[in-house]
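Okay, so the sequence shown: first residue is 609 according to this note's numbering, each after it adds one. Every residue gets a Cβ at the ideal spot worked out from N, C-alpha and C, and that includes glycine.
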Amino acid sequence: MAEIFDYKMFPILFVDDERDATETFRQQFQDEFLLILTNSPEEGLEIVRREKPAVVIADQKMPTLTGAQFLEIVRKEHPETFRILLTAYSDIAAIIEAVNKGEIYRYFAKPYNVAEMEITLKRSLETYKIARERDRLYREKIEIFQKLSRTNRLAGLGHLAEGMAHEIRNPLVAIKTFFDLLPEKKEDYEFMTRFAEIARKEVHRIAKLLDELTRFAEPPKPCLMEVDLNEIARSVIGLVETEAKSHKVDIRSNLGEDFSLVVLDPEQIKQVLLNIVLNGLQAMSPGGLLEIETRRGIRPNEIQIIISDSGAGIPSENMEAIFNPFFTTKAPNQGVGLGLSIAHQIIQEHKGSIDVESRIHEGTKFIVTLPKNPLQASGLGEHGV
Ligand SMILES: Nc1ncnc2c1ncn2[C@@H]1O[C@H](COP(=O)(O)OP(=O)(O)O)[C@@H](O)[C@H]1O
Ligand SMILES: [Mg+2]
C-alpha cells in the first residue's frame, strides 16, 4: 500500500483582499489542508517570514500590492515556496511574463477549477517535502564535514602539544642540571651566580611561554573602542625605535588620512603590529628599512596597515606554515613561533585578514586589513590557516 501523505504537514497561505474569496477558499480546502488566510498582503508577508508556508496563493488585484509584486517579495524571503497567482483573464499578459521570469510557479484564472486547484496543491506539497528531505540530507553531509574538520583541528592540537613539549624540555634540562650540580657546587661562587642566573632565566622563559599559550588557547575577546589608528601605529614605532637603532635599521612611516574613528581593541592591535614589526627587524641586517603605512582598504569601510621590511624574505615552502603555532625558523632564544598565530587569531576576532607578500633577499610585506567597525562588518574572509 502506498504511504499516506499528510497534506496538513506544511501550511498553505492564501492572500486575497476580498473576504468572500478567503471564505470560499476556506470552505473548499480546510478539510484537506492546513490553511492560513489573510486579507492583507502586509500581514501575509509577516506570515511568510514566521510560518514559512510551503505554498502561497495570492490574488493579482489587491489595492496596496499586486499579487505578482507580493509573490516576488515572497520569493526573496523564502524561495522554496510554491507561488501561485489568481487572476482575471484581462491580466494574462502580465501574468505570463511573471511565470516566465520564474517569479511564480503557475497561475489560475478566476473562477478556478476546484479539482484542478486541489491537485496542484497536493503536487506542490509533495514536491516541497521531497525538497526538504534533500536539504536535510545535504545538511547531514555538511555536519559530517564539520566533524571531520574538528578532527583535523585535534590533529593540529597534537602538533601544538609537541611544539610545547619541545619548548619546555630545553629550559628544563638547564634547570635540572643546575639542581643536580647544586649540592656539590654550592660553595662555587661562579656557579652560584652565573648558573643560578641561567636557571632563573629559563624558569622565566617557561612561565612566559605558558602565558602566551593560555592566551592562544583562550584568546580574550577584543575590547572594542573608537581609536585613532595612526596613533596606534606611532606608539608601536615608539616601542621599537631603540631596538631598530641598535640593529642599525631605519624606520619610515607613511600614515594616511585621518583614521581617528576606527573601532578596535588598541592593546590587541598593538600586539599584532608589534609581532609583525619585530619579525621584520629580526629578518633584516644593518642598513635595512622598515616601513609602516596606513591607508584606506580596497572596499569602503576598510582600512589597511602595511608593514614592509627589506629583509631575508620568506621561502615559498614556508608561506603556508608561518601562521601555525610553534612554526619558527629562529634559534630558541629568538622566538618560539607564536607571534603570527596570535596575530592571526586577533585579526580574525576583529573580522579582518592578514596577507603576506615576500621575495627572497628582497623583503616581506604584511598587509593587515580591518573593518572600520567590526560590529558592522560581515567578515572580510579568512586566511587559510
Ligand atoms: N618579516 C619576515 N621576514 C622573514 N621571515 C618572517 C617574517 N615574519 C615571519 N617570518 C617567518 O615566520 C616565522 C614565524 O613567525 P612568528 O610566528 O612571529 O614566530 P617567531 O618570530 O617566534 O619565529 C618566523 O620564524 C620566520 O621564519
Ligand atoms: Mg615573531
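The alpha carbon of Val848 has as its nearest neighbour, out of Ser868, Val811, Leu642, Asn887, the alpha carbon of Asn887.
In the DSSP assignment, Ser924 falls outside any beta strand (DSSP E) and carries neither an H nor an E. Selection Arg813, Gly896, Pro828 evaluated against Lys853 yields Gly896 as nearest (Cα-Cα).
Taken through DSSP and simplified to helix, strand or coil, Gly971 comes out as strand. Linking Asp743 to Ile906 through their CA atoms gives a straight-line distance of about 36 Å. When DSSP states are grouped into helix, strand and coil, Arg714 belongs to the strand group. Contact annotation: Ala951 and Ile962 have beta-carbon atoms nearer than 8 Å. Around Glu965, the same chain offers Thr972, Lys973, Ile975 as residues with beta carbons nearer than 8 Å, after the five sequence neighbours per side are excluded. Shown here for Glu775: same chain residues with a beta carbon closer than 6 Å to its own, the five before and five after excluded, namely Leu817, Val944 in chain order. In the structure shown, Asn862 falls within a strand segment according to DSSP collapsed to helix, strand and coil. Taking C-alpha positions only, Leu837 is separated from Lys878 by approximately 10 Å. Bounds of the alpha helix (DSSP H) holding Arg658 are 649-659. Residue pairing by DSSP places Gln912 opposite Arg903, Thr977 in a beta bridge. Ile922 has its Cβ nearer than 7 Å to a heavy atom of ligand 1. Listed in chain order, the non-local C-beta contacts of Asp917 below 7 Å within the same chain comprise Gly888, Ala891, Met892, Gly896, Leu898, Gly971, Thr972, local neighbours out to five positions each way being set aside.
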